[in-house]
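Colleague: The structure follows.
In this note's numbering, the protein residues as written are 157 to 432.
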């Protein structure tokens, strides 16, 4: 992804003076998925910086209006050190050495990976809430997520579907998206294309054997506008064989589960209504 941000790093250039300064000794997050949770549970003024991706409409999962009130920060260790935070909420960058570097510098780091299940996602919310001393707010968000999910199994045969994200990526078995499809009465069709947990699904392969529903972003984004335009035109030829349903591409779990569940539930209800 290409972003024109002025980063507060050791390599920043002179024209970046307009970038808001990050208040030292605060809590910073450089992960857009964590930002989405913080937007729901953090107190005003509690967070000193959010991910650079949360300032961009094409990559933000947190509300833009909330995120843009705060300075942005990237993932480099140099940039984080210059911000002098007391705590960093981040993705699992241990393999790249960033988290270990921050730990050696004495900065508390809370690192979270990609949650493969709803239960794992709820536990991550609890971890974030505990780290910022907002346990009750975290439990309220968890309650909202749980209420958005079906309380009983969906009746009737499952409806074949895929979640087809930008870059032609499809969520397969062992992903949070797969669990949400199943909970809402869909059968994840990714396996019929030979995909495992995550894979790239060519448009031609999908056209030869489409599922009943394709959940996908339909708004053209600046960095893949040509791909989105091409797939939309070709999928139009599927006609009544397949429903194309707008689905958020900035899908991070957390509070975005609530929006995703609403879309899945409304779409599954259509098939129930279509029964003779």
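Backbone N, C-alpha and C fix where the C-beta goes; we use that ideal spot for every residue, glycine too. Here the structure is a predicted model, which is why all the values come from computation and not from measurement.
Within the region 313 to 383, note down every full beta strand (DSSP E) run reaching 3 residues or more, in order along the chain.
Modeller: 315 to 319, 325 to 327, 342 to 344, 354 to 356 and 369 to 372
Colleague: Hey, residue 310 and residue 340 are a contact pair by Cβ (cut 8 Å); roughly how many whole angstroms apart?
Modeller: Going by Cβ atoms, the distance from residue 310 to residue 340 rounds to 6 Å, so yes, they are a contact pair.
Colleague: Let me confirm a value: residue 328 is counted as buried when at least 16 other C-beta atoms fall within 10 Å, else exposed. Which label applies?
Modeller: buried
Colleague: So residue 366 packs on residue 398, CB below 8 Å; how close in whole Å?
Modeller: 4 Å
Colleague: Quick one: is residue 392 buried, meaning 16 or more other Cβ sit within 10 Å of its Cβ, or exposed?
Modeller: exposed
Colleague: Helix, strand or coil, according to DSSP, for residue 400 in the structure here?
Modeller: Reduced to three states, the DSSP call for residue 400 is strand.
Colleague: Helix, strand or coil for residue 261? Go by DSSP, reduced to three states.
Modeller: It is coil, neither helix nor strand.
Colleague: Expressed to the nearest angstrom, what Euclidean distance is found between the alpha-carbon atoms of residue 396 and residue 334?
Modeller: 24 Å
Colleague: Could you give the C-beta distance for residue 332 and residue 283, rounded to a whole number, given that I count them as a contact under 8 Å?
Modeller: 16 Å between Cβ atoms; not a contact.
Colleague: Under the rule that 16 or more other beta-carbon atoms within 10 Å means buried, what is residue 248, buried or exposed?
Modeller: exposed
Colleague: Buried or exposed for residue 406, going by 16 or more other Cβ atoms inside 10 Å?
Modeller: buried
Colleague: At what residues does the beta strand (DSSP E) containing residue 245 begin and finish?
Modeller: 243 to 247
Colleague: Among 337, 410, 303 and 324, which residue has its Cα nearest to the Cα of residue 360?
Modeller: The shortest Cα separation from residue 360 among 337, 410, 303 and 324 belongs to 324.
Colleague: For residue 232, which three-state DSSP category applies?
Modeller: coil
Colleague: Which residues mark the beginning and the end of the beta strand (DSSP E) in which residue 205 is found?
Modeller: 203 to 207 is the extent of the beta strand (DSSP E) around residue 205.
Colleague: Roughly how many whole angstroms lie between the Cα atoms of residue 379 and residue 408?
Modeller: Summary for residue 379: the model assigns pLDDT 48, below 50, so the residue's position carries little reliability; its value from the coordinates is reported in the next sentence. Cα to Cα, the separation comes out at about 20 Å.
Colleague: With burial defined as no fewer than 16 other Cβ atoms inside 10 Å of the residue's Cβ, what is the status of residue 402: buried or exposed?
Modeller: exposed
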